[in-house]
Each structure stands twice: as structure tokens, then as C-alpha cells.
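Under my numbering, think of the first position of the sequence shown as 14, with each following residue one higher.
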Amino acid sequence: MKHAIVGAGIGGLITALAFEKNNIAYQLFEKAPKLNEVGAGIWLAPNALQVLEYLGLFEEVKRKGNTIDQITLGKSDLSPLYDTRQNYVKDTLEYATIAIHRAELQKLLLEKIPPEKIHMGKEFNSFERLDTGKVKIKFADNTATEADFLIGADGIHSKVRKQLFPESSIRYSGQTCWRGVAAIELDKEYKNRGIELWGDQIRFGISKIAKNKVYWFAVVLDAPHLKDNKDRIHQKLLRLYADFHPIVGELISSTPVDKILRNDIIDLKPLDNWYNGSICLIGDAGHATTPNMGQGGAQAIEDAYYLSDLIKKQPNTNVFNLFQEKRKEKVSTIVQQSWTTGKMAHWKYGQGLRNFLLKNMPKKVLEKKMMKLYQIDKPM
14 MKHAIVGAGI GGLITALAFE KNNIAYQLFE KAPKLNEVGA GIWLAPNALQ
64 VLEYLGLFEE VKRKGNTIDQ ITLGKSDLSP LYDTRQNYVK DTLEYATIAI
114 HRAELQKLLL EKIPPEKIHM GKEFNSFERL DTGKVKIKFA DNTATEADFL
164 IGADGIHSKV RKQLFPESSI RYSGQTCWRG VAAIELDKEY KNRGIELWGD
214 QIRFGISKIA KNKVYWFAVV LDAPHLKDNK DRIHQKLLRL YADFHPIVGE
264 LISSTPVDKI LRNDIIDLKP LDNWYNGSIC LIGDAGHATT PNMGQGGAQA
314 IEDAYYLSDL IKKQPNTNVF NLFQEKRKEK VSTIVQQSWT TGKMAHWKYG
364 QGLRNFLLKN MPKKVLEKKM MKLYQIDKPM
């Protein structure tokens, strides 16, 4: 059985590598002529790292990224609302979160895929179900290929999904986000910490992703689809975050204008199904989430892991219904929790009560939630 994977983002690349490990026939198609260094940082939580270990990639990812041993949610002056060491996770699962540049991760993954199995410059145009039971995949360059199964891993703006489920829709959270990577070295106390600071309807996140590279993000309430005046972006962000801890201004000022990206925070309105017949969506194409729980990439990685395992065990069967049954409850919970967390972070009223509850959250409750999130089934 041949599988066509559309999209060489993290979900598509990990799916290809999981198929490679399990001797599942596939071809991977990506619209970009080459993968450029785009994006900023990404957190790989312990659930994602367990999959990378399974694929033999963990040590390389660890070398190229930065381990996060402590997660701090604080007020704008960096005074903590809660501050958790990751010892309990590491002791149980043997992993702590790793922060890495997204482009560095994609490059590492791409290098592991046999070149004859990945096709760049192949923009998906449409699919056609054939009488033979196969799927014909048509590309923008007027070429086509056939496969037994089509896996849409082409992100939140998925063209596969738009044809498969034309009624699907994207939700705007009411928030926009700037992301950047500053070429500075953090003080020792911040090097292995993931930090998010909540001010008055505004927030800022910080994590080192490599030597002399610090990823940051800045989130505010705003209208969608707005563009920045590049000549004034530094001034604008410095003004917005003037009341925050001095490290925030240092990071903004140290980031070149062309390295500051702006994106509206969006997700996908939850779908009833991720598949129809021999066509299935994974990752952001099927269940895009807002980034508030650091689980978008991790859930795409989990998708790849579980889907490949099901196909390995039932190689001549359509397992997409089993895949959805396995994944939907966890993913739906994450999408909802992330959406709610994003809204709570920007409350206009009730900030004092919110901060009090966060500061007094029992440690055991937090640990239990974390462990449930990070748990994955071990391969048979």
C-alpha cells in the first residue's frame, strides 16, 4: 500500500520518518522548492521527545536545542505566579522540554529522509478518487501521482482539507503575535527556563534555543490581518512593553527588523472527522491549536507516531477510523484548553483573582495535569 504525504512541515516530516522506520511505503510532496530558514522557536515537550527517541533523533535534537528545566509564569516584572521545576517529569519520563529553532529541527528531519522519497516544488492542487480505489493527487505544475492513501499534513491553511471538508473554518483568537530570535546570551538564571510574563491584557515569552540565540514572542489584542511599518516596529514593541522587566526591551532591541515575524493567533474550528475514505488529515491540517500550551508541534508528532504504528500492525487496512478514535479525545482537550488559556491571559477584568488562583494552585494538581499531557503509549 502506497501513501502520499502532502506537506513537509514537522508533522509531514515525522510521518515520513515513522513510515521509514516501520517499512511503510510512502512519498512526500512539498510545495516549496526548498526549505528555507523561516519561523522562530518551538518547544518540544516530553511527549514529542519520546517519539523523537523512538525514531533515533533525540540526541541530535538535544545537541542542537536547549533544555528547559524550569517553567515560569510570571507578572510583567518577572515575579512568579507559578514556577515549576521539571524534575518530577524528568524523573518519571526521563525527558525535560527542549526549545529549538524550528528551521534547525526541520533541517535535521529533512536530512534523514531518503532523497528519492521527497519531492520539492510540488504544490498540491486537488485530489480525485478513482474507480480503482486509489487517489489521484494533482499538483500545480500539471503533474500527478496515484496512491492508495492520501495524508494531508499541509498545515492550518490545508488545501487538502479545503477540498475534503469545504465547510471547515479557521477561528481568529482576537490576538496577534510577534516572534523573534535575538542573538544574545542570557544570564545564567534564565538559560534553562521557559518564561511567560502576563501584564495588563498583554504577554511576553522567552526561551533560549541555542548558544547566543533567544526566542521570544509578544502577544497583544488586535484586529486581524494588520501589517507593520518595519521602520517603526522596534519603537512600537518597546512602547507596548515599556512596563515589563528590562530583559524584554533588551530582547526586542537586539532582534533585527527582518527577523521579527507577525502572525495572527488562529486555530481550526474543531472538525467532526479528520478523514473521509482513504484521505486523512494530521497535525494542523486536522486539528490546529493556538500555541498557548506549547503542544501544536507535539500533537502533530504524536499523530505521526500513532498513525504509523496502526498501519504497521494492519498494513493492508484503512486505519484512519482507528487513528481518529485513538487521538481525538486528547487533541480536542488540548485545543479547548489552549483556547481558554489564551483568553484568560488577556482578561480585562478579574486579573487579581486569576493571579491569586495561579499562584496558589496545588503543586500536585499541576504535576498530574502535566503527566497526563506528556504520557504516550510505548511501541509494541
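No residue lacks a Cβ here, since even glycine has one placed at the ideal position from N, Cα and C.
Let me know if residue i comes out buried or exposed under the rule of 16 or more other beta-carbons within 10 Å of its beta-carbon.
i	result
alanine 298	buried
phenylalanine 257	buried
proline 127	exposed
tryptophan 360	exposed
threonine 302	buried
lysine 172	buried
arginine 252	exposed
glutamate 117	buried
isoleucine 183	exposed
leucine 123	buried
lysine 226	buried
isoleucine 389	buried
leucine 366	exposed
leucine 284	buried
histidine 238	exposed
methionine 393	Per-residue confidence for methionine 393 stands at a pLDDT of 47, beneath the threshold of 50, marking its modelled position as unreliable; the derived number appears in the next sentence. Label assigned to methionine 393: exposed.
threonine 145	exposed
arginine 216	buried
serine 92	exposed
threonine 353	exposed
proline 46	exposed
leucine 30	buried
What does DSSP give as the partner residue(s) for residue i in the beta ladder?
i	result
alanine 223	Lys226
phenylalanine 42	Val19, His132
glutamate 209	Leu86, Gly218
leucine 57	Ile111
threonine 353	Beta-bridge pairing links threonine 353 to no other residue.
tyrosine 185	Ile279
arginine 192	Phe230, Leu274
DSSP three-state label for residue i, please.
i	result
lysine 103	helix
valine 64	helix
aspartate 390	coil
alanine 358	helix
glutamine 337	helix
valine 332	coil
alanine 231	strand
phenylalanine 217	strand
isoleucine 197	coil
glycine 69	coil
asparagine 36	coil
isoleucine 81	strand
leucine 177	helix
glycine 24	helix
serine 321	helix
Determine the closest residue to residue i out of the options, with distance taken between C-alpha atoms.
i	options	result
histidine 170	Pro269, Lys44, Ser89	Lys44
asparagine 334	Lys204, Ile219, Gly290	Gly290
asparagine 368	Phe32, Leu70, Gln214, Tyr185	Gln214
glutamate 315	Glu198, Asp241, Gly24	Gly24
glycine 78	Lys149, Asn373, Thr110, Ala17	Thr110
glutamate 107	Asn138, Asn60, Gln119	Asn60
valine 348	Ala313, Asn373, Val378	Ala313
glutamate 209	Thr353, Thr189, Gly87, Ala358	Gly87
leucine 199	Ser220, Gly54, Met374, Thr97	Ser220
threonine 156	Arg142, Tyr228, Phe137, Gln327	Phe137
alanine 166	Cys293, Gly365, Asn276, Lys376	Cys293
leucine 114	Lys376, Leu57, Ala317, Lys130	Looking at the sequence provided, one finds histidine at residue 114 rather than leucine. Closest by alpha carbon: Leu57.
glycine 22	Gly52, Lys15, Tyr39, Leu371	Gly52
glutamate 263	Ala196, Met14, Met133	Ala196
phenylalanine 152	Arg98, Leu320, Ile18, Met383	Ile18
glycine 218	Met383, Leu370, Ala358, Pro375	Ala358
tyrosine 95	Asn373, Glu73, Ile279, Ile27	Asn373
tyrosine 318	Thr85, Val270, Gln63	Gln63
glutamine 248	Ile265, Ile260, Lys103, Asp235	Ile265
arginine 275	Ile260, Trp287, Val232	Val232
serine 345	Leu70, Trp287, Asp277	Trp287
lysine 201	Lys15, Val270, Ile260	Ile260
valine 270	Lys381, Tyr67, Leu68, Lys243	Lys243
histidine 9	Leu26, Gln350, Leu371	Within the shown structure, residues of the chain are numbered from 14 to 393, placing residue 9 beyond reach of any answer.
glycine 12	Arg76, Gly310, Tyr39	Any property of residue 12 remains undetermined from this structure, which presents the chain solely from 14 to 393.
isoleucine 84	Phe32, Leu30, Lys204	Lys204
Segments assigned alpha helix (DSSP H), at least 4 residues, entirely inside the region 234-315: 246-253, 259-266, 297-300
Entirely enclosed alpha helix (DSSP H) segments - the region 90-164, minimum 4 residues: 100-106, 115-124
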